[in-house]
Every structure is written in C-alpha cells, then in structure tokens.
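In order, the protein sequence lines correspond to chains A and B.
Going letter by letter, the first sequence gives residues 1 to 215 in full-length UniProt numbering.
Going letter by letter, the second sequence gives residues 1 to 215 in full-length UniProt numbering.
Quick reminder that beta carbons are idealized off the backbone N, C-alpha and C, glycines included.
First the structure, in the form of structure tokens, and then the observations on it.
Protein chains: 2
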Amino acid sequence: MADGVRRKFRREGEAQRQGDLIAAALELIAEGGPQAATVRAIAARAGVTPGLIRHYFHTKEDLLCAAYASFMQRMTDDHRATVADGVADPVARLARFVVASLTPPMVDARAVGLWAGFIHLVQHDPVMRAVHHKTYHAFRFELDVLIAEALASVGRGDSPEELRRHAISCNALIDGLWMEGSSLPDAFSDGELPRLGVANIGLLLGLDLAAALED
Amino acid sequence: MADGVRRKFRREGEAQRQGDLIAAALELIAEGGPQAATVRAIAARAGVTPGLIRHYFHTKEDLLCAAYASFMQRMTDDHRATVADGVADPVARLARFVVASLTPPMVDARAVGLWAGFIHLVQHDPVMRAVHHKTYHAFRFELDVLIAEALASVGRGDSPEELRRHAISCNALIDGLWMEGSSLPDAFSDGELPRLGVANIGLLLGLDLAAALED
DNA sequence: CCTCAAATTATACGCTTGCAGAATTACCGC
DNA sequence: GCGGTAATTCTGCAAGCGTATAATTTGAGG
Chain A
1 MADGVRRKFR
11 REGEAQRQGD
21 LIAAALELIA
31 EGGPQAATVR
41 AIAARAGVTP
51 GLIRHYFHTK
61 EDLLCAAYAS
71 FMQRMTDDHR
81 ATVADGVADP
91 VARLARFVVA
101 SLTPPMVDAR
111 AVGLWAGFIH
121 LVQHDPVMRA
131 VHHKTYHAFR
141 FELDVLIAEA
151 LASVGRGDSP
161 EELRRHAISC
171 NALIDGLWME
181 GSSLPDAFSD
191 GELPRLGVAN
201 IGLLLGLDLA
211 AALED
Chain B
1 MADGVRRKFR
11 REGEAQRQGD
21 LIAAALELIA
31 EGGPQAATVR
41 AIAARAGVTP
51 GLIRHYFHTK
61 EDLLCAAYAS
71 FMQRMTDDHR
81 ATVADGVADP
91 VARLARFVVA
101 SLTPPMVDAR
111 AVGLWAGFIH
121 LVQHDPVMRA
131 VHHKTYHAFR
141 FELDVLIAEA
151 LASVGRGDSP
161 EELRRHAISC
171 NALIDGLWME
181 GSSLPDAFSD
191 GELPRLGVAN
201 IGLLLGLDLA
211 AALED
C-alpha cells in the first residue's frame, strides 16, 4: 500500500451498509463460528474499515443481535414463501409446510452452522432470547395448528395431549432431517429429504400426506 | 493478595490434571461457547495457573481436541452403559437403544451446548474431524444394524433402500427429540421423551417397540 | 535431612481484540 | 462550483489472547 494515501470510498445509504455488515457477519459466523466474526474481519468482508461498524451499530453485540434477527427473519420469510398459502385442504397445507421446511433455502449448509454459532449468544443476551422465542414458537405454533386442522379435516378428534405429542414428534423429525440434510448435503439425492419428511410425518400422524400433495 | 507470595500448590498425577483441565474446558464451552474457553479461564476453573496447560498439552488446540474426544467418548460410553447388552430379542434391543439415546445422561442441557460449540472446531481441524466421524458413524451404523435385525426378526425383508430410509428417519427423530429435550429440559415430564421416541420409531418402522420393552 | 527431578507458578512478549475520537473525504443542495 | 454535513477512514489505546521461558516449590528416595 502506498503511504499517506487515504482509501477511496463511496457513500452508501444506511440500510445498504447495515445490510452489508450484517451479511458479512453472518457469512463469517457460518464459516468459522462466533470467534471468526471479529470487528475487523466483518468490516473487511463488507468492504469497509472497522470504524464504520461503530457508526451504524453502537456496539459489536448490537450488530450480532441485528444479524441474528435478520437470519431468523429470512428463514421464516423463505419458509412462508415456499409454503404457498391459499391451499384449501388442511392435509395438503401440512404437507406443503413439511416440504418447505426440508427444501432449500431452508436446508442449507450454512444454516446449521449459523444456528450453532448463535446458540450461546442467544442464551446470554436477553434481546436475542426474545428474538429466538418469537420466531421459534411461531414455527412450532404454526405446525401445531396445521396438525390439528389436518387431523380434524379427516374426522379425527385427537385429545389435546395426543396433539401435543404429535406436534413434538413431527417437529423433532423435521428438525432432525433438517440437520442431517444441512450438515451432510451430499448424503441425499434431489428431493429425497422432503419426500422422507412427508412420508414419515404421514406415518406418525396416520395421514397420507404424499397423496395430498398431488393437487 | 499479598505481594511477593507465591501460590501454594499440590502435585497431582498427569491423568488427574489432564482430566481436570479437560473437564474445565468442557464446562466453559458448554456454558459460553468456544470463546469462553480461554487459556486463563480454563486454568482458573481447573484450579491451576495458565502455564500448566502448556505443560500437559502442546497447544490450546490440543487441549480442545482432547476435550472433544473425551466428550464423545463419554457420550458413547454412557450410551452403551444404558443399552444393557445381552438382550436376545432384536426388537427389544432396538427399543433399548432408543430409550438410552433419550434418557439422561445422554439428554443433558449442557450436551447440546457442547455439541454446538464444537461444530466449527470440528469442521476445521482434521484431527477433530477424525474423532467426529469415528464416533458419529459408529452410532449411525449401530442403529442401522439394530433396525435391520429387528425387521428381520419379524420376518420382514425390507430392501436396502428401504433400510437406508428407515435408518435416516429414525436417526433424525432421535436427534430431533434429543435436541428438544436437551435444550428445553423443563418442557417434558419424566420419561416422556423416551416414551415418545419408542412409540414413534415404532410407528416409522411398523414395529411395536413399547411392547418389546416389557421383558 | 538433604537432594534432585519434575510439577507448578510467575513473568514477559507479541499479537489481536473491541472501542474511542480525530481527521478526511464524498456527495447533496444551493 | 462551492460550502456543509455526515459518511468514512485513520490512528491509537487498554485489555485480553496464546505462547514461551525462567523461577520456584513440592514430594519422593536415599
């Protein structure tokens, strides 16, 4: 580098720069965990100098909070986008929900790394905990409702305890397949993961989800 | 602290001190992730001074490798201890395997924190990768065999592709329940988790695992 | 009781980290 | 074109990091 030469730069809007910094932080955490997301590394990846971070975020932890919120928001947005609302049959809605949970971009090599990297930050920061609870329980609640509606639509009136058990098990199966698929992407052929999910959640609930998908 | 007074200490055997240091490192990672496991923090928790770490481990990464190996070894040991070998009926063996996977000490609040904390270290360090592959695939392979034997024992000759799908799904269900139970310990009543696992894996495979347990 | 190897502590070094504030530069409105 | 504002960079700092090595203390054996 030439000495005494100040680096050229372009001015950007607040949203743009914040977005770049958040994206950079997420990339770094996904690749190397929280320890890789140093202020200097984030700035370098975002194409700016470290000082700029403190111009847009009061502290590094603030940036990480925003990054986590952005991550969770993108996950739920992606999920909703794939679910394709407006399906009349409750069983088909549940099936689509499962497929969406086990299809890219939900299943992604970096997603599980991000999820793991944030766990400890989430457990210690109250703000992150709030974000976590909101989005996590939203997912779980949505699944609860879908299962209840799907069972009701075929005339089954499972007790609340049975519904709770169904929701826990289906959620576990989705989570487990999501983890396997995300961390071992090459272990599954195209479309195998959602097919497994639909078939097996059908088994758990006693519903033919696969058939309901063909509409 | 009095000035110029050197700290008193007791000599311990190599195994004892290494064990203390490893235990301290695991505690810290479980609580606060890899970033919390600094050399100084580990030493303090183990009741020694930082320099001692380098007397027993060539580098900090060596200590973390040993800690990960110890963690995985303890998990598989605990698992095997609960499985209670020597059961004749293959279906009962599978059921016991599932129960063991979803019972303390396998299900533990700190276990999932540790697992998450090590993920990125494992992905970057070849030695850790080796440890991971060895123990992880041992678990998965054991499950594969148990499922095949259980199905064969009731006269079902599922094709290799079906067996593979069964193993993936059962593994996913166990993993998911393990994660839910470990990260939300208060969300489940006593014995509920293994009961859910046994019942639902029975559904996935078309076997009555619960009945096989009562022997 | 003294000796001596080894276990342990203490100190120090170079590097990185997050953070703060001053200095500079780009761009918008006139 | 020409300020003026604020976006951006630059420099510096104190604390913490992992590591290296020298200085001590311990406990066992003679």
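Where A169 (chain A) meets chain B, residues with beta-carbon distance less than 9 Å: Going by the sequence as given, residue 169 (chain A) is Ser instead of Ala. Within 9 Å Cβ-Cβ: L173, G176, L177, L196, G197, A199, N200, L203.
List the residues of chain A whose Cβ lies closer than 7 Å to the Cβ of E162 (chain B), in chain order. Those within 7 Å of E162 (chain B) in chain A number zero; the least Cβ separation is about 11 Å.
C-alpha gap between D77 (chain B) and L21 (chain A), whole angstroms: 44 Å
Measuring only the C-alpha atoms, how far is M72 (chain A) from V131 (chain A)? 8 Å
Listed by chain order, chain A residues near R165 (chain B) by CB distance under 7 Å: L196
Spatial distance of D62 (chain B) from S183 (chain B) (CA atoms): 28 Å
Spatial neighbours of V5 (chain B) within its chain, please: C-beta separation below 7 Å, excluding the five flanking residues on both sides. none
Can you name the start and end residues of the alpha helix (DSSP H) that K134 (chain A) belongs to? 126 to 153
Tell me whether the segment 158 to 165 of chain A and the segment 105 to 119 of chain A touch, counting them as touching only if at least three CB pairs, one residue from each stretch, are closer than 8 Å. no
Residues of chain A with a CB under 9 Å from the CB of Q35 (chain B): which are they? G33, P34, Q35, H120
Is the distance from the Cβ of I53 (chain A) to the Cβ of G117 (chain A) below 8 Å? no
Looking at the secondary structure, which residues open and close the alpha helix (DSSP H) in which K8 (chain B) lies? Looking at the DSSP string, K8 (chain B) is not in any alpha helix (DSSP H), and its letter there is neither H nor E.
Compute the Euclidean distance between the alpha carbons of N171 (chain B) and A187 (chain B), then round it to the nearest angstrom. 22 Å
Who are the neighbours of E180 (chain A) on chain B, taking C-beta pairs under 8 Å? I168, N171, A172, D175
Enumerated in chain order, which unbroken segments of the alpha helix (DSSP H) with a length of 4 residues or greater are wholly contained in the segment 50 to 136 of chain A? 53 to 56, 60 to 83, 90 to 101, 109 to 124
In angstroms, rounded to a whole number, what distance separates the CA positions of residue 222 (chain B) and E180 (chain A)? Nothing about residue 222 (chain B) can be read from this structure; chain B reaches only from 1 to 215.
Output needed for F57 (chain B): all residues of its chain with C-beta closer than 6 Å, excluding positions within five of it in sequence on either side, in chain order. L63
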